[in-house]
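Just so we're aligned, residue 5 is where the sequence shown starts under my numbering, counting upward by one. C-beta atoms are modelled at their ideal positions from N, C-alpha and C, and glycine is treated no differently. Quantities reported herein were computed from a predicted structural model and do not represent experimental measurements. I have placed the structure first, in the form of structure tokens, so that the comments after it can refer back to it.
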Amino acid sequence: MKQGAQPSAVKSAFVPLVLLWLAAHAAILALILGAKYLFTKTVLIALLVMGSLAFLFSRFQAKPRRLFHSP
């Protein structure tokens, strides 16, 4: 009777596959999160610039108000 594969041989065969699987998923996750951060940062900077320009170049004047003080 032949004996099956030893547990240490099976374990050593799966370790590189598991490491490769983890590395591939880590790379995919890094790409997704990197794109998400980059696009979010770009949109936030664009909104900040547009808001700043609208504030600087608008002709909006605040209404003068009378200040009430306590006696």
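Put simply, the backbone Cα of GLY38 is about 21 Å away from that of LEU52.
Assignment of PHE72 by DSSP, reduced to helix, strand and coil, places it in the coil class.
DSSP places PHE18 within a helical segment (H, G or I) once states are collapsed to three.
Assignment of LYS67 by DSSP, reduced to helix, strand and coil, places it in the coil class.
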